[in-house]
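**Student:** Please see the structure below; I have some questions.
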Amino acid sequence: MWYSKEYDPVQVGSIDGTDTDPHDAAIARATRSDYRPPKHLKTDPNNTLFISRLNFDTTELTIKPIFEKYGKVVNIELIRNNVTGLSQGYGFVTFDNPKSTREAYRDVNEMILDDHVILVDYERSRKMLGWIPRRFGGGYGGKKESGQLRFGARDRPFRDNHGKIKIQYEQKRSDVWREDESSKRSNEHSHSDRRDNSHNRNDRSLHRSSRRRSPTPEHRSTRRRTSDRHHHSDSKRKRQDSLQNNDRRHR
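Numbering (our numbering), first residue to last: 32 to 282.
Here's what the structure looks like:
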């Protein structure tokens with residue numbers, strides 16, 4: 032499974048990311064949309080999580096204790112209907128540091144809150160190039176019954192397309208497009224250390240094998256003494272046989 036690095040409305044409409052033409056009217060509308068991320072928000076998009084599939088009765092007060100376990104929460108915003116003021120079933124939680132954000136992203140997803148299994152993902156609108164929200168025909172996820180599924184995120188990652196299109200290495204794991212350079216360098220060093228350890232183990236194995244194949248001087252000496260005893264025994268037996276044959280001829 033892999034995840035989209037940039038938002039392409041046509042691509043995310045395909046289960047394996049290989050579509051080149053929009054297959055429904057909503058995707059076609061998304062390709063024509065000119066969405067601009069909100070600039071009035073003062074929260075840090077790198078520390079903001081998107082939460083959805085909430086119970087419509089869920090409030091900020093019930094959300095806060097769950098996320099506060101992972102660090103200081105600086106903002107919780109539930110999206111509400113402009114007319115009725117009722118919850119739309121999704122919102123955003125912002126922490127004061129990236130570590131807490133990553134831990135909550137990892138642990139809170141699929142947790143049960145007010146009898147609903149919730150979805151937790153990263154905010155996309157201010158971070159992902161080309162992002163188009165659901166109301167413009169884009170977004171991610173969706174219900175199968177709607178006929179407007181969107182793939183390429185945590186909820187519905189792309190399936191392996193068996194080499195039909197090139198998949199970058201950094202896209203093969205969950206939201207690796209958000210990793211910073213320091214974590215990438217750390218991963219590279221980790222891979223290098225594992226390769227070095229593997230080479231060292233192979234060298235030690237070969238060394239032990241060569242030691243088993245090469246006998247020590249004491250072993251070689253023992254082999255020679257054993258061989259000499261067998262040789263003397265054979266010579267003595269031959270002399271005895273020769274003497275017996277001579278005795279028979281004289282008789």
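The C-beta atom is built at its ideal place from N, Cα and C for all residues, glycine as well.
Bridge partners of Tyr153, per DSSP?
**Tutor:** Bridge partners of Tyr153: Leu80.
**Student:** Taking the alpha helix (DSSP H) that Arg133 belongs to, which residues open and close that run?
**Tutor:** 129-138
**Student:** Could you give the first and the last residue of the continuous alpha helix (DSSP H) run that contains Phe126?
**Tutor:** That residue, Phe126, is in no alpha helix (DSSP H); its beta strand (DSSP E) goes 118-126.
**Student:** Go ahead and label Ser35 buried or exposed: buried means 16 or more other beta carbons lie within 10 angstroms of its beta carbon, across all protein chains shown.
**Tutor:** It counts as buried.
**Student:** Would you check if the stretch 113-124 and the stretch 68-85 touch, i.e. whether three or more CB-CB distances between them fall below 8 Å?
**Tutor:** yes
**Student:** Nearest-angstrom Cα distance between Lys175 and Val105?
**Tutor:** 35 Å
**Student:** Name the DSSP bridge partner or partners of Phe189?
**Tutor:** Trp33
**Student:** Could you tell me which residues DSSP puts in a beta bridge with Glu176?
**Tutor:** DSSP output for Glu176 lists no bridge partner at all.
**Student:** Measure the C-alpha to C-alpha separation of Val114 and Arg166 and round it to an integer number of angstroms.
**Tutor:** Cα to Cα, the separation comes out at about 17 Å.
**Student:** Count the other CB atoms, across all protein chains shown, that sit within 10 Å of the CB of Pro69; report buried if there are 16 or more and exposed otherwise.
**Tutor:** exposed
**Student:** Considering only their Cβ atoms, is the gap separating Arg157 from Tyr171 smaller than 7 Å?
**Tutor:** No. Outside cutoff.
**Student:** When you compare only the Cα positions, how much space is there between Asp127 and Lys103?
**Tutor:** 6 Å
**Student:** Any idea if Pro96 is buried or exposed, counting beta-carbon neighbours within 10 angstroms, 16 or more meaning buried?
**Tutor:** exposed
**Student:** Contact defined as beta carbons within less than 8 Å: I believe Gly168 pairs with Ser64. What is the distance between those atoms, to the nearest angstrom?
**Tutor:** The pair is a contact, with the Cβ atoms about 7 Å apart (cut-off 8 Å).
**Student:** What is the DSSP secondary structure of Ile198, counted as helix, strand or coil?
**Tutor:** coil
**Student:** Let me make sure I understand the geometry here. Which of Ala57, Leu150, Asp146 has the alpha-carbon closest to that of Asp138?
**Tutor:** Leu150
**Student:** In whole angstroms, what separates the C-alpha of Phe98 from that of Tyr200?
**Tutor:** 31 Å
**Student:** If we cut at 7 Å on Cβ distances, does Thr62 have a partner in chain D?
**Tutor:** Although the question refers to chain D, the structure presented lacks it and comprises just one protein chain.
**Student:** What does DSSP give as the partner residues of Asn106 in its beta bridges?
**Tutor:** In the DSSP secondary-structure assignment, Asn106 is bridged to Thr125.
**Student:** Nearest-angstrom Cα distance between Ile196 and Thr49?
**Tutor:** Here the C-alpha atom of Ile196 lies approximately 7 Å from the C-alpha atom of Thr49.
**Student:** How big is the Cα-Cα spacing for Ser284 and Pro53?
**Tutor:** Outside the displayed range of the chain (32 to 282) lies residue 284, so it cannot be described from this structure.
**Student:** If I measure Cβ to Cβ from Met159 and keep anything under 6 Å in the same chain, skipping five residues before and after, which residues do I get?
**Tutor:** Around Met159: Tyr38.
**Student:** Is it buried or exposed for Ser177, if we count other Cβ within 10 angstroms and need 16 for buried?
**Tutor:** exposed
**Student:** Identify every residue that forms a DSSP beta bridge with Leu144.
**Tutor:** BP columns for Leu144 point to His147.
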